[in-house]
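Residue numbers (our numbering): 11 to 412. Following: one structure in structure tokens, then a few remarks.
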């Protein structure tokens with residue numbers, strides 16, 4: 011039986027701005043963030059056989075995810091399974107992406123912005139008492155991400171206009187305060203009469219005083235700023251329509267945790283395709299299908315003579331998932347997968363089915379519960395129960411309007 015597990019995903023901080031025109035970017039201003047936290051999926055964990063959900067819903071990209079998965083023993087043991095995911099585009103220079111590119115559904119933008127690298131490890135103790143470590147390396151990208159929901163697009167334009175007005179008001183007040191500030195006037199007079207060697211120091215004092223004035227104005231507008239931030243978080247960044255993800259991964263095994271004893275255990279490629287409906291009374295449905303090809307090396311099985319053998323084998327998985335999301339807070343889904351062995355006749359077909367419940371908590375947190383049956387083993391059918399709780403904490407799932 012699989013242990014009752016806790017997955018902790020920490021989404022590493024990496025700020026991205028909705029860039030405006032160069033003329034707007036040159037000026038200082040306040041920014042408003044929009045949460046787009048989604049439950050992460052790790053191709054690295056999936057290829058190791060440690061996934062909670064096999065058919066992942068295509069989601070908005072998050073810059074960096076660190077997942078810790080622990081067979082708990084009452085949540086008391088140290089984690090042996092660990093995964094890191096990151097999106098190179100957002101980590102290395104994606105902060106200049108404008109709102110139009112982020113919200114587009116062109117194939118080029120979709121692949122570039124969603125391409126994700128996944129690295130996962132898993133350590134298991136054998137019957138002989140020795141530890142064996144597996145390493146999963148994976149990738150994932152979106153070909154289709156769907157269209158931005160109409161309500162959000164209208165809301166984003168409204169927030170952007172109010173934000174522009176706020177920044178103009180702050181700049182206007184700061185300029186007026188600078189013109190009336192006696193300390194700044196004195197510094198400017200000193201700068202006019204200063205020697206060339208003294209100018210840099212005086213200029214630094216002027217810039218410091220200007221920053222102080224801007225901070226004072228910002229404090230005066232604290233109420234307006236908080237109202238604007240609250241307004242921005244009224245709508246969640248979501249997409250509807252056709253969605254299509256492609257992913258792949260490799261699994262390496264290190265016997266007795268010896269680097270020299272490494273070998274490729276399996277590799278695979280899979281795709282998730284589906285449709286998400288528009289919201290009706292803040293509720294919507296997602297219909298998803300999966301096709302997956304996995305190649306296993308030295309796969310154990312029992313032949314017609316009841317002898318345990320090993321041979322390379324290919325599996326084909328197909329499945330469906332239905333998700334019902336209510337008011338962006340609670341989602342309930344059912345998933346079914348069917349697995350066929352292509353190379354070894356003695357390995358019977360098997361299936362996997364799960365019930366998943368996700369609940370959105372305040373401040374970028376999601377709790378998920380999964381219960382169901384896993385694929386049967388080739389040697390024994392024991393250990394196919396899935397029972398899991400996941401906690402996802404978002405620290406980098408925000409996109410800023412500036």
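Yeah, the Cβ is synthetic: ideal placement off N, Cα and C, and Gly gets one too. Remember, it's a predicted structure, so these values are computed and weren't measured experimentally.
DSSP bridge partner residues for residue 127 (one or two, in chain order): 96 and 149
Where the alpha helix (DSSP H) through residue 197 begins and ends: 192 to 203
Entirely enclosed alpha helix (DSSP H) segments - the stretch 218 to 253, minimum 4 residues: 232 to 242
Residue from 265, 268 and 351 with nearest C-alpha to residue 306: 351
Residue 267 versus residue 311: straight-line alpha-carbon distance, rounded: 24 Å
Nearest-angstrom beta carbon gap, residue 97 and residue 259 [assumed within contact, 8 Å]: Residue 259 to residue 97, Cβ: 16 Å. No contact.
Own chain residues within Cβ distance below 6 Å of residue 220, not counting five before or after: none
Own chain partners of residue 158 with C-beta closer than 7 Å, once the 5 adjacent residues on each side are dropped: 113 and 249
Contact under 7 Å by Cβ, residue 381 with residue 361: no
Beta-bridge partners of residue 180, as assigned by DSSP: Beta-bridge pairing links residue 180 to no other residue.
CA-to-CA distance, residue 217 to residue 226, given in whole angstroms: 14 Å
Chain-order list of residues whose beta-carbon lies under 7 Å from that of residue 214 (same chain, five-residue window excluded): none
With 16 other Cβ atoms within 10 Å as the buried cut-off, status of residue 282: buried
Residue 294 classed as buried or exposed, judged by whether at least 16 other C-beta atoms fall within 10 angstroms: buried
Terminal residues of the beta strand (DSSP E) in which residue 296 lies: 293 to 312
Residue 383, enclosing alpha helix (DSSP H) - first and last residue: Segment 375 to 383 is the beta strand (DSSP E) holding residue 383; no alpha helix (DSSP H) there.
DSSP three-state assignment for residue 258, whether helix, strand or coil: strand
As assigned by DSSP and simplified to three states, the class of residue 321: strand
Residue 129 versus residue 144: straight-line alpha-carbon distance, rounded: 11 Å
Residue 45 in three-state terms, based on DSSP: Only weak support exists for where residue 45 lies, its pLDDT of 45 falling under 50; the value from the coordinates is given anyway. Residue 45 falls in the strand class under three-state DSSP.
Extent of the continuous beta strand (DSSP E) run through residue 360: 360 to 371
Residue 257 beta carbon less than 7 Å from that of residue 53: yes
Assigned secondary structure, residue 141 (DSSP; H/G/I helix, E/B strand, else coil): strand
Residue 214 in three-state terms, based on DSSP: helix
Burial state of residue 369 (16 or more Cβ within 10 Å): exposed
Rounded Cβ spacing between residue 278 and residue 303 (contact assumed at less than 8 Å): 6 Å
Inter-residue spacing [alpha-carbon to alpha-carbon] between residue 253 and residue 289: 16 Å
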